[in-house]
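Before any comments, here is the structure.
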Amino acid sequence: MSGRNSDNSKNGAAPGDTRVSQESKLRIGITCYPTVGGSGVVATTLGIELAQRGHEVHFISYERPFRLPENSSRIHFHQVCVNDYGLFKYPDYTLPLSVAMASVSCKHNLDILHVHYAVPHATAALLSRCMLPQDKQPRIVTTLHGTDTTLLGADPGYGPAIHHALLQSDAVTTVSSWLKAETKRVIGFEGPMEVIHNFYEPGSPSRTREAVRKDLGVADGEVLLIHSSNLRPLKRIDLLLESVSKIRDRNSFKLLILAGGDFKQFSDDVKRLGLEERIIVRENVLEIEEYLQAADLALYTSESESFCLSILEAMFFGCPSVATNVGGIPEVVEDGLTGLLVPSGDSESIARALNELIADGDRRKRLGESARVEANKRFSSDAIIHRYEELYRRLIDEPPKVSAGEIAGEIVEGCR
Ligand code: GMT
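Each residue of the sequence shown is one higher than the one before, starting from 8 at the first, in this note's numbering.
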């Protein structure tokens, strides 16, 4: 395991070194949302892993992605400057992003521009391609992550633009088979889509499990449940709290919520359900590994989820989950082997599954061990990154999908 905090574990010429040679090195631009959220985490980890394999990676976004280490070799960050002109009611990001993409592509000879989350990144990438002369145009890869299809794809104000961006991308990938099917159904996109599941590369916790549990106030014998998300409505935190309130023995557990949003909105629910003594909240945590290693069981009650990266993160630390049987979750959790899947929206079934696994520590540990094995086998960076590398190389060997006119070269300063 290379660990995302170390940049050099694959840099030596030791046996098993996976670094590419200078000639086969690719220059890859990555655009993602830089804030807390699965799509940004996946994109950032992908960039770090590609750099560790010897590729040159350029992140282009309005902020430095929060998990992107400073001073990593072969990783560069280009900030997009967004102006707030008084003449616009709403500031525009798409156009300055497209110009930044074009100028970084041109200056650094990008082979690939890989955008994560279609809106507005894929459209900005197409626009940037039109600004470049043919021999400077990178291949565009669009990775769909979830609500870019399920929410925005169904919105008549966005759907046609997303459809257009997918048609014009050189390749489209989705993070689950379920999302691929949804993209066909919701957007009507019939072009090729490659399913490349999400992956995770755990860092090493800096404190012991015991120290973290002590710090959180988890007593001996208490089972520590964990939930980590941005708390948006589709995560169904109301259902999560209601389910937890139905756990038979109130003193048997604590629930740790790693909140990527403001948890205060649920204070009344917590009080009404009498959960004040049971819930621990930590907001905007960066060192999630510390908490994942301390947890015994993960809990996810989402009504829709294309993959649910947080479940995978927990699996790497031998933590099984109770999760709703929705979207791409069954591609991550195998019911009865690495966790328990429960019907969506059903707090009685969720509480029953929690009661079972709280009471039966041996079964919980067995599920957790299988979760760790499956995560390493199917969703490690070694299992997934080569799929992206192969896709990039295939695209470079193929003719570009769409080429802009010859006059385009005049548009970006210094590009001819
Ligand atoms: O699509 C979103 O709502 C945002 C996105 C994010 O940035 O967190 O979440 C999606 O992408 C993640 C990474 O691929 C997946 O793990 C999440 O399941 C997915 N969210 C939804 O489908 C709701």
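Every residue gets a Cβ at the ideal spot worked out from N, C-alpha and C, and that includes glycine.
Nothing here was measured: the structure is a model prediction, and the numbers come from that model.
Mapping DSSP to helix, strand and coil, what is residue i?
i, result
"L299", "helix"
"T345", "coil"
"H121", "strand"
"F386", "coil"
"R146", "strand"
"E201", "strand"
"I254", "coil"
"H128", "helix"
"S96", "At residue 96 the sequence reads Lys, which differs from the Ser that was named. Of the three classes helix, strand and coil, the one that applies to K96 here is coil, per DSSP."
"Q175", "helix"
"Q29", "coil"
"L238", "coil"
"R285", "coil"
"E294", "coil"
"T465", "Outside the shown range of the chain, which is 8 to 423, sits residue 465, and nothing can be said about it."
"H83", "strand"
"L75", "coil"
So residue i and residue j are in contact, right, with Cβ under 8 Å, and what is the actual spacing, rounded?
i, j, result
"Y165", "V126", "6 Å"
"G281", "S236", "Not a contact, Cβ separation roughly 23 Å."
"E63", "R34", "5 Å"
"L231", "L263", "6 Å"
"L361", "S328", "That belief does not hold up - the Cβ atoms of L361 and S328 are roughly 11 Å apart, past 8 Å."
"E381", "T345", "5 Å"
"V122", "T38", "5 Å"
Distance, Cα to Cα, residue i vs residue j?
i, j, result
"G45", "R401", "26 Å"
"L134", "L102", "8 Å"
"G195", "L173", "11 Å"
"L265", "L299", "10 Å"
"T52", "S387", "11 Å"
"E312", "G153", "7 Å"
"K408", "T150", "17 Å"
"L117", "E56", "17 Å"
"E201", "E397", "12 Å"
"L238", "I365", "24 Å"
"R371", "A178", "40 Å"
"G375", "C326", "5 Å"
"Q272", "D142", "52 Å"
"Y40", "F314", "17 Å"
"P199", "I119", "18 Å"
"D227", "C88", "51 Å"
"K83", "A58", "Before going further, note that residue 83 is His rather than Lys in the sequence given. Each residue's Cα considered, the two are about 10 Å apart."
"M8", "N383", "Since pLDDT at M8 reaches only 31, below the 50 mark, its modelled position is unreliable, and no value is offered."
"E405", "D276", "55 Å"
"D389", "R60", "11 Å"
"L293", "R74", "8 Å"
Report all residues from its chain with a CB closer than 8 Å to the CB of residue i; omit the five preceding and five following residues, and keep chain order.
i, result
"N332", "D342, L348, V349, P350 and S351"
"N90", "P98 and P103"
"L316", "G45, V48, V49, N205 and Y207"
"E338", "S183, S184, W185, H204 and F314"
According to DSSP, what are the bridge partners of residue i?
i, result
"Y395", "In the DSSP output, where bridge partners are listed per residue, Y395 has none listed."
"G36", "H65 and L120"
"K261", "L231"
"S328", "A305 and G346"
"A266", "S236 and E290"
"V151", "Residue identity check: residue 151 is Leu in the sequence provided, not Val. For L151, which the question treats as bridged, DSSP gives the partners T181."
Beta-carbon within less than 6 Å of residue i's beta-carbon, same chain only, minus the 5 sequence neighbours each way: which residues are those?
i, result
"I203", "T180 and R394"
"L223", "I287"
"G160", "G166, I169, V193 and I194"
"S250", "S354, I357 and A358"
"P76", "none"
"I414", "For I414, the predicted structure reports a pLDDT of 44, less than 50, and the residue's modelled location is therefore unreliable. The matter cannot be settled from this model."
Skipping 5 residues on each side, what residues in its chain have a beta carbon closer than 7 Å to that of residue i?
i, result
"I391", "I203, H204 and F206"
"T156", "L186, E189, T190, V193 and I194"
"R220", "L231 and A301"
"E197", "K191"
Taking 6 Å as the cut-off, is the C-beta of residue i nearer than that to any heavy atom in the ligand MN?
i, result
"E405", "No copy of the ligand MN occurs in the structure displayed; its ligands are the ligand GMT alone."
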